[in-house]
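So the sequence shown is numbered by the numbering used here: it starts at 23 and just counts up by one.
Every residue gets a Cβ at the ideal spot worked out from N, C-alpha and C, and that includes glycine.
Since we're looking at a predicted model, the values are computed, not measured.
Taking it in order: structure first as structure tokens, then the write-up.
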Amino acid sequence: MRSAEEIIEFLKRSFNTPSTKDEKLKVVILCIIISTTFWFFSALNKSDYVTQINYPIKVVYNDSLYVALSDVPNKLPLEVTGGGWDLMTRSFGFSMEPLIIEVENPVREKFKLSSSLRQDIAPRLDPVIVNYIIEDSLIFNIDERISMDAELQLDSIQLKLASNHRITSTITLEPNHIRITGPKSMLDTLVRPIKIDIGDAEFSNSVDQKISIKNFGSNLISTNIAEVTVKFEVTEFMRKEIELPVYPINFKGKNGRIDPDKIVVSYEVIVNEVRSVDSLNMVLTADYFNLKKSDNTIPIEIAMKPSFILNPVLSQSKVKLKDNE
Numbered sequence: 023m024r025s026a027e028e029i030i031e032f033l034k035r036s037f038n039t040p041s042t043k044d045e046k047l048k049v050v051i052l053c054i055i056i057s058t059t060f061w062f063f064s065a066l067n068k069s070d071y072v073t074q075i076n077y078p079i080k081v082v083y084n085d086s087l088y089v090a091l092s093d094v095p096n097k098l099p100l101e102v103t104g105g106g107w108d109l110m111t112r113s114f115g116f117s118m119e120p121l122i123i124e125v126e127n128p129v130r131e132k133f134k135l136s137s138s139l140r141q142d143i144a145p146r147l148d149p150v151i152v153n154y155i156i157e158d159s160l161i162f163n164i165d166e167r168i169s170m171d172a173e174l175q176l177d178s179i180q181l182k183l184a185s186n187h188r189i190t191s192t193i194t195l196e197p198n199h200i201r202i203t204g205p206k207s208m209l210d211t212l213v214r215p216i217k218i219d220i221g222d223a224e225f226s227n228s229v230d231q232k233i234s235i236k237n238f239g240s241n242l243i244s245t246n247i248a249e250v251t252v253k254f255e256v257t258e259f260m261r262k263e264i265e266l267p268v269y270p271i272n273f274k275g276k277n278g279r280i281d282p283d284k285i286v287v288s289y290e291v292i293v294n295e296v297r298s299v300d301s302l303n304m305v306l307t308a309d310y311f312n313l314k315k316s317d318n319t320i321p322i323e324i325a326m327k328p329s330f331i332l333n334p335v336l337s338q339s340k341v342k343l344k345d346n347e
């Protein structure tokens, strides 16, 4: 590398001897660089500059008891006066150890006045002088960290089943409870029991599958389990029809008969149900004591129904009482 004397001697020769345009341009550029460098170092030697710098801080609290809802302040803006060299090193973060700010209860102590920190920062910046602290306070958005247990339930309203299919067992979740940890303000808003969404799939077979636990919309909330197993049986049904007699009761000594004496009943039954119609064992009755004299009708009641059929529907809900002919 050339010495300063050699560079100056080269510049003299370049200006005193014929050269190409490119060589002269190089000399001009080199002169600009040298003069700029001289000006820069000369400027840094001045001692009365006023500027703004950010002093690093570190807020310390018990993160097992508390959780920050937003970024905790990590710098404090200052207006300072000092020499060029000193300000340059501070601007790049050199010679500035972070100021540790211990907060015992950040839920109660939601802010700290910046003026209380000046006596700690000023000696650390010497010989740079602190004119004032630009922000009047440090704000802490920190909440209490709590844990709670909650029951899990499948969101059956959103559950989709194939046509003519029904759930024919109890819906079970394993495990059926969850432990949730996070900011108190967030956990207090959670609706319990916690609903588990099984997705948009349409089910035509029994279910035994694992479902991931949602993150409750924030990475500040954690759970003790990542997934839950959902189980329930799905069965296909078909609708059938049968004509059944309507039995009059409490008609002894009464003059009259019911019309009609037979009606059609439709019902749902499991597709692979092998029982015959004869084993249906459904009984329809019309009780004279329920006679409505206003229209001379008696409502039909299902007095007996086997457990293997669902949703029976009568072709009509009442019979007419007529005189015996």
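In this structure, the alpha-carbon of Ser316 lies about 22 Å from that of Ser337. Straight-line spacing of the CA atoms in Leu306 and Asn198 works out to 43 Å. Counting along the chain, no alpha helix (DSSP H) covers Ile156, and no H or E run does either. Here Asp158 is near Ser136, since their CB atoms are less than 8 Å apart. For Ser288, the enclosing beta strand (DSSP E) covers residues 284-292. By the Cβ rule, the stretch 313-327 does not count as touching the stretch 257-264, because fewer than three pairs are nearer than 8 Å. Nearest Cα to Ile164 within the set Ile151, Arg130, Arg146: Arg130. If only complete runs of 3 or more residues are kept, the stretch 224-284 shows the beta strand (DSSP E) at 229-234, 249-254, 256-271, 279-281, in order along the chain.
For Ser288, the closest of Ile216, Val335, Asn76, Lys232 by C-alpha to C-alpha distance is Val335. About 19 Å separates the Cβ atoms of Leu174 and Phe225, ruling out a contact at the 8 Å cut-off. Ranked by how close their Cα comes to the Cα of Asn76, the residues Leu87, Ile155, Val89 have Ile155 in first place. Per the coordinates, the alpha-carbon of Asn186 lies some 9 Å from the alpha-carbon of Glu290. In the three-state scheme derived from DSSP, where H, G and I count as helix and E and B as strand, Gln338 is classed as coil. Approximately 6 Å separates the beta-carbon atoms of Leu181 and Ile220; this is inside 8 Å, confirming the contact.
Note on geometry: alpha-carbon atoms of Ser191 and Ile331 lie some 15 Å from one another.
Membership of Pro321 in the beta strand (DSSP E) is indicated by the continuous run 319-326. In the structure shown, Arg146 falls within a helical segment according to DSSP collapsed to helix, strand and coil. Straight-line spacing of the CA atoms in Ile271 and Leu195 works out to 48 Å. The Cβ neighbour count for Gly204, taken over all protein chains shown within 10 Å, is at least 16; the residue is labelled buried. Under the DSSP assignment, Lys97 falls in the beta strand (DSSP E) whose first and last residues are 97-104. For Glu258 and Asp230, the gap between their C-alpha atoms comes out near 17 Å.
Within a 10 Å sphere around the beta-carbon of Ala325 sit fewer than 16 other beta-carbons, which makes this residue exposed. In the three-state DSSP reduction, Asn312 falls in the helix class (H, G or I).
Short of 7 Å from the beta carbon of Lys344, and not among the five residues preceding or following it, lie these beta carbons of its own chain, in chain order: Gly278, Arg279, Asp281.
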